[in-house]
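> Residues 341 to 575 (my numbering) make up the sequence shown, in order. Glycine residues also receive a C-beta, built at the ideal position from the N, C-alpha and C atoms. From a predicted model like this one, the values you see are computed outputs, not experimental measurements.
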Amino acid sequence: MLSGKDDEALLALKNISFSYKMRKGDRLLIFDNLSLNIMFAEFVGIAGPSGCGKSTLLRMMAGLLKPDSGEIYFRGRPLNGPDPRISMVFQNPTLLPWYTIIKNVMLGLINERELTEKEKEEKARTFLDMMGLIGFENAYPAELSGGMKQRVAIARALVSHPDLLLMDEPFSNLDQLTAITLRRELENLWLNQALPISSIVLVSHDIEELVEISDRVIVLTVRPTKVAGIVKIDL
């Protein structure tokens with residue numbers, strides 16, 4: 341268990357090291373003794389140079405990757421794998437092309453076995469409405485624009501009411517106007533406490549984007565990656 345301020349964190353990474361195995365058997369060190377906390381009720385941005393491991397960091401936060409050493413704690417307990425209270429939005433929407441939009445969102449409720457199909461559909465419809473997609477429930481991903489697909493991915497991540505939402509450059513593949521619109525809508529939902537989550541972590545190369553939307557920004561170094569600094573945003 342954690343002690344001190346760490347036990348007040350929603351997510352805590354303690355002395356994390358991580359490396360990838362290379363083709364010739366060597367290992368590429370990505371993180372070296374990295375520590376950071378994500379607190380309750382905050383929007384955290386993560387910035388850093390290309391190749392420093394930002395996406396890898398999010399995957400460890402999601403329980404999708406295990407560090408070589410160190411510990412990750414979620415709500416004060418070790419995170420040893422994926423947790424249904426942590427959702428992730430990827431750079432690409434990763435929708436199933438043979439499923440309708442509402443069926444794709446309902447995938448976010450796959451672990452909610454106590455819900456009937458009708459109840460799952462009603463919850464999915466609520467979050468499609470939040471994302472401005474009512475009327476497209478029976479459409480297929482191929483019929484939607486890039487921005488609409490990402491809205492579906494966000495709705496799917498939110499529908500299970502997670503405690504923590506991880507977002508890996510979700511606006512980077514969108515045109516500038518669509519990205520700005522979607523980011524501002526997300527920001528407004530967050531500020532109006534309309535999102536059913538405690539905290540958000542957003543990875544982005546766009547510093548202006550992070551400053552506009554975050555409570556604080558964690559800046560990472562080049563590999564082997566550590567925290568270069570933490571900037572509190574007070575706008």
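Is lysine 364 helix, strand or coil by DSSP?
Correct three-state label for lysine 364: coil.
> Within 8 Å of any Cβ in chain C, is that where the Cβ of asparagine 478 sits?
No chain C appears in this structure, which consists of one protein chain only.
> Out of Glu382, Asn355, Gly365 and Ala479, state which residue places its alpha-carbon closest to the alpha-carbon of leucine 397.
The shortest Cα separation from leucine 397 among Glu382, Asn355, Gly365 and Ala479 belongs to Asn355.
> Within its chain, find whatever has a CB closer than 6 Å to the CB of alanine 534; leave out the 5 residues flanking it on each side and keep chain order.
Counting only Cβ-Cβ distances below 6 Å, and skipping sequence neighbours, we find nothing.
> Pick out the complete alpha helix (DSSP H) segments inside the segment 489-556, 4 residues or longer, and give them in chain order.
Fully enclosed alpha helix (DSSP H) runs of 4 or longer: 516-531 and 547-553.
> Under 8 Å, do glutamate 411 and threonine 440 count as touching if we go by C-beta distance?
Against a cut-off of 8 Å, the Cβ pair of threonine 440 and glutamate 411 comes out as no contact.
> From methionine 553 to glutamate 527, what distance separates their C-alpha atoms?
Strictly speaking, residue 553 in this sequence is isoleucine, with methionine absent from that position. Between isoleucine 553 and glutamate 527, the C-alpha separation is close to 6 Å.
> Please list, in chain order, all residues of the same chain as aspartate 508 whose beta carbon is under 8 Å from its beta carbon, the five residues on each side excluded.
For aspartate 508, where only same-chain residues beyond five positions count, the Cβ hits under 8 Å are Lys394, Ser395, Leu398, Met428, Val429, Phe430, Gln431 and Val543.
> Report yes if the CB atom of valine 541 is closer than 8 Å to the CB atom of isoleucine 386, and no otherwise.
In this structure, isoleucine 386 lies closer than 8 Å to valine 541 by Cβ.
> What are the boundary residues of the alpha helix (DSSP H) that includes isoleucine 441?
Residues 441-446.
> Using alpha carbons as the reference points, say which of Ser538, Ala464 and Lys443 lies closest to leucine 351.
Ranking the options by Cα distance to leucine 351, first place goes to Ser538.
> From the DSSP secondary-structure annotation, give me the bridge partner or partners of leucine 351.
Answer by DSSP bridge pairing, in chain order: Ile378 and Phe414.
> Can you check whether the CB of methionine 401 is closer than 8 Å to the CB of aspartate 550?
Per the sequence shown, residue 550 should be read as leucine rather than aspartate. No. Outside cutoff.
> Are at least three pairs of beta-carbons, each pair with one atom in the segment 556-574 and one in the segment 371-382, less than 8 Å apart?
Touching, yes, given that three or more Cβ pairs across the two stretches are closer than 8 Å.
> Give the secondary structure of methionine 428 by DSSP, where H, G and I count as helix, E and B as strand, and everything else as coil.
Methionine 428: strand per DSSP, three-state reduction.
> Return yes when the Cβ of leucine 376 is within less than 8 Å of the Cβ of isoleucine 547, no when it is not.
No, the Cβ-Cβ distance between isoleucine 547 and leucine 376 is not below 8 Å.
> Are the beta-carbon atoms of proline 407 and serine 357 separated by less than 8 Å?
Result yes, Cβ atoms of proline 407 and serine 357 sit closer than 8 Å.
> Taking just the CA atoms, how far does phenylalanine 467 sit from leucine 498?
In a straight line, the C-alpha of leucine 498 is about 7 Å away from that of phenylalanine 467.
> From this set, Asn420, Arg453 and Ile494, which residue's C-alpha is nearest isoleucine 603's C-alpha?
Here the chain covers residues 341 to 575 and nothing more, so residue 603 does not appear.
> Look at the alpha carbon of glutamate 459 and the alpha carbon of glycine 365, and state the distance between them as a whole number of angstroms.
For glutamate 459 and glycine 365, the distance between alpha carbons rounds to 50 Å.
> CB proline 437 to CB proline 481, shorter than 8 Å?
Taking 8 Å as the Cβ cut-off, proline 437 and proline 481 qualify as a contacting pair.
> Opposite phenylalanine 358 in the DSSP bridges: which residues?
According to DSSP, which records beta bridges pairwise, phenylalanine 358 is partnered with Phe371.
> Please report the straight-line C-alpha distance between lysine 572 and leucine 473, rounded to a whole angstrom.
Those two C-alpha atoms are separated by around 34 Å.
> If you draw a straight line from the alpha carbon of serine 500 to that of asparagine 444, how long is it in whole angstroms?
About 13 Å.
> Using the beta-carbon count (16 or more within 10 Å), is glycine 360 buried or exposed?
As written in the sequence, residue 360 is tyrosine, which differs from the glycine given in the question. It is exposed - the Cβ of tyrosine 360 has fewer than 16 other Cβ atoms within 10 Å.
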